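Please read the structure below before turning to the comments.
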Amino acid sequence: MARQKDARLSNDVLTAHRKWLPDRVMRARKGYKVKDGFDSGSAVPRRQLGRELRRLRMEAGLTMEAAAQAIGRSAPTLWRMEKGGSPMRPGDVAGMCRVYGADDRTTEALMALATETRSRGWWRSYHGAIPKWFDTYIGLEQAASELRVYNASEIPGLLQTRPYAETTFHADRPVVSDKEREEKVTLRLKRQALLTRRTPPAPQLDVVLGEAVLLRSLADQTAMAEQLRRILDEGRLPNVTVRVLLLANSLACTPDARFTLLTFPPDRRRQPEPPVAYVESLTGALYLSEPAEIDSYNQVWEAISAAALSEDDSLKMISTQIERYQQQ
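Its first residue numbered 106, the sequence shown is counted upward by one per residue in the working numbering.
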């Protein structure tokens, strides 16, 4: 089959890889681990590789079932690969490229990308404390240039103090061991370092809290006052904005109690990662990236942002609530 579209299809990837591909491929073949300047794990390369393989499959005119049979995998396994749900071996990628009729340059580029899908982020040392569905989020969070967070039920993890994190984990998972809970808390606190990192620049964090979050106290009200003071401190960082959505304004614009919109920076070595809407529940999470889905969440965010108090008024409200907790 002629693959005239193949060069166009992978042009963005090949252009981005042009300067670094030869060195990276040779280093991968020699068994060296490639470092990217900061540790974002394998989430972004997994997702990019999955998108490229899906495009190649569709250009080849293969259904998922037919492609899965041709490469000797099940359709659910291939679906996970295309969604970036698992690391991949370069040899497996080469085999898929042969089935899909990809040219040599495209195959070489995707094999190099497959090497990156097997990198391990720093958080993998806490693997016992990370649900499989959350591992991808941490990698995306580390790679993001902007995080827009709405939470009507609790303070987001990036702003939590240790006592607050311990309390929320106990409420969500009352039967887990003390060791596992401590690992979860430590991981959450360690994630907060990205707000003050220098290389790459720390992401912009824009948080809107539901008013109820401020009113729902810990048993220790002194600890709750410390938690709110932490929000004030973080809100003074140049890359952090915290605002409050009053209860009276919340029902009209918030179909979900919590979600995060992640935006990613341009990357000279690969296609930019498309925006992601992350919606978490107690036992799982959704990673939404279709344009229509992102548009819907952007519209919701704009409505929330317009209805929320200004940053100054929000910080004043938080300060007032701190005083109330201190007086009780």
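Glycine included, each C-beta is placed from N, C-alpha and C at the ideal position.
Note that the coordinates shown come from a computational prediction; the quantities given were computed from them, not determined experimentally.
_Spatial neighbours of R363 within its chain, please: C-beta separation below 7 Å, excluding the five flanking residues on both sides._
Sequence index remark: in the sequence shown, residue 363 carries index 258 (1-based). Excluding sequence neighbours, R363 sits near Y255, N256, A257, S258 and E385.
*alpha helix (DSSP H) containing G200: first to last residue?*
Residue numbering aside, residue 200 sits at position 95 when the sequence shown is read from its first letter. P195 to Y205 is the extent of the alpha helix (DSSP H) around G200.
*asked:* Which same chain residues end up closer than 7 Å to S410 when comparing Cβ atoms and leaving out the 5 residues on each side of it in sequence?
replied: Here residue 410 corresponds to residue number 305 of the sequence shown, with the count starting at 1. Contacts found: V313.
*CB-CB under 6 Å to V149, same chain, minus the five flanking residues each way: which ones, in chain order?*
Translated into positions along the sequence shown, residue 149 becomes position 44. Cβ within range, chain order: A248 and E378.
_Own chain, CB closer than 8 Å to L387, minus 5 neighbours either side, in chain order_ = Working through the sequence shown from its first residue, we reach residue 387 at position 282. Contacts found: D277.
*Determine the extent of the alpha helix (DSSP H) in which Y402 is found, giving its start and end residues.*
Here residue 402 refers to the residue found at position 297 when the sequence shown is read from its first residue. First-last of the alpha helix (DSSP H) with Y402: P396 to A412.
*If we ignore side chains and look at the alpha-carbon of each, how far apart do K237 and E339 end up?*
In the sequence shown, residue 237 corresponds to position 132, counting from 1. In the sequence shown, residue 339 corresponds to position 234, counting from 1. Going by the C-alpha atoms only, they are around 29 Å apart.
*With DSSP as the reference, label G189 as helix, strand or coil.*
Position 84 of the sequence shown, counting from 1, holds the residue named residue 189. Coil at G189, not helix or strand.
_When E428, T368 and A207 are compared against N403, the one with the closest alpha-carbon_ = Within the sequence shown, numbered from 1, the residue matching residue 403 stands at position 298. Out of E428, T368 and A207, T368 has the C-alpha closest to the C-alpha of N403.
*Alpha carbon to alpha carbon, what distance is there between E316 and P371?*
Reading the sequence shown from its first residue, position 266 is the one you call residue 371. Reading the sequence shown from its first residue, position 211 is the one you call residue 316. About 35 Å.
*For my contact list, R194 and A219 are in at a C-beta cut-off of 8 Å; report their separation, rounded to the angstrom.*
To locate residue 194, count along the sequence shown from 1; it is residue 89. To locate residue 219, count along the sequence shown from 1; it is residue 114. Sure, about 6 Å apart at Cβ, within 8 Å.
*Is it buried or exposed for A270, if we count other Cβ within 10 angstroms and need 16 for buried?*
The residue you call residue 270 lines up with position 165 of the sequence shown. Buried, because 16 or more other Cβ atoms sit within 10 Å of the Cβ of A270.
*asked:* Using 7 Å as the threshold, is the C-beta distance between R151 and G189 below it?
replied: In the sequence shown, residue 151 corresponds to position 46, counting from 1. In the sequence shown, residue 189 corresponds to position 84, counting from 1. Contact flag set, yes.
*Which stretch, first to last residue, makes up the beta strand (DSSP E) that contains D338?*
By 1-based counting over the sequence shown, the position of residue 338 is 233. Here D338 belongs to no beta strand (DSSP E); instead the alpha helix (DSSP H) covers Q326 to G340.
*asked:* Excluding the 5 residues flanking P380 on each side, which residues of the same chain have their C-beta closer than 6 Å to its C-beta?
replied: Residue mapping note: residue 380 aligns to position 275 of the sequence shown, counting from 1. Cβ neighbours of P380 beyond the five flanking positions: T368 and I399.
*Using the Cα positions of A298 and T291, report the straight-line distance between them to the nearest angstrom.*
Position 193 of the sequence shown holds residue 298. Position 186 of the sequence shown holds residue 291. Approximately 12 Å between the Cα atoms of the pair.
*Under 7 Å between C-beta atoms of A173 and L158*: As a working note, residue 173 is residue 68 in the sequence shown. As a working note, residue 158 is residue 53 in the sequence shown. Not in contact: A173 and L158 (Cβ atoms no closer than 7 Å).
*Simplified DSSP state of T241, which is helix, strand or coil*: Counting from 1 along the sequence shown, the entry for residue 241 is found at position 136. DSSP places T241 in the helix class (H, G or I) of the three-state scheme.
_I'd like the list of long-range same chain contacts for K289, defined as Cβ closer than 6 Å, with 5 residues on each side in sequence excluded._
Position 184 of the sequence shown holds residue 289. Cβ neighbours of K289 beyond the five flanking positions: A234 and F274.
*With 16 other CB atoms within 10 Å as the buried threshold, where does D311 fall?*
Indexing the sequence shown from 1 puts residue 311 at position 206. Buried is the call here.
_Inter-residue Cα distance where the pair is K284 and R267_ = Here residue 284 refers to the residue found at position 179 of the sequence shown. Here residue 267 refers to the residue found at position 162 of the sequence shown. Taking the CA atoms as reference points, K284 sits about 15 Å from R267.
*Nearest to I336 by alpha carbon, out of W227, I423 and Y383?*
The residue labelled residue 336 in the question sits at position 231 within the sequence shown. Comparing Cα positions, the closest option is I423.
*Kindly give me the distance between the Cβ atoms of N344 and Q376, rounded to whole angstroms, as I take these residues to be in contact under 8 Å.*
Residue numbering aside, residue 344 sits at position 239 when the sequence shown is read from its first letter. Residue numbering aside, residue 376 sits at position 271 when the sequence shown is read from its first letter. In fact, because the Cβ distance is near 25 Å, the residues do not count as touching under 8 Å.
*asked:* In the DSSP output, what is G315 paired with across the bridge?
replied: Here residue 315 refers to the residue found at position 210 of the sequence shown. Its beta-bridge partners are L350.
_Three-way DSSP call (helix, strand, coil) for R223 in this model_ = Taking the sequence shown and counting its residues from 1, the one referred to as residue 223 is at position 118. Secondary structure of R223 (DSSP, three-state): coil.
*Are I427 and L320 touching if we call contact CB-CB under 7 Å?*
Here residue 427 refers to the residue found at position 322 of the sequence shown. Here residue 320 refers to the residue found at position 215 of the sequence shown. In this structure, L320 does not lie closer than 7 Å to I427 by Cβ.
*Sequence-distant residues of the same chain with beta carbon closer than 6 Å to A165, five excluded per side*: What you label residue 165 is simply residue 60 of the sequence shown in a count that begins at 1. If we look at A165 and ignore the five residues flanking it on each side, its Cβ neighbours are Y205 and G206.
_Spatial neighbours of A175 within its chain, please: C-beta separation below 8 Å, excluding the five flanking residues on both sides._
Position 70 of the sequence shown holds residue 175. Only residues of its own chain outside the window of five on either side were considered, and among them L167 and V204 have a CB closer than 8 Å to the CB of A175, listed in chain order.
*Below 7 Å CB to CB, which residues in the same chain sit around M201 once its five sequence neighbours on both sides are set aside?*
Start at 1 with the first residue of the sequence shown, and residue 201 comes out as number 96. L158 and I176, listed in sequence order.
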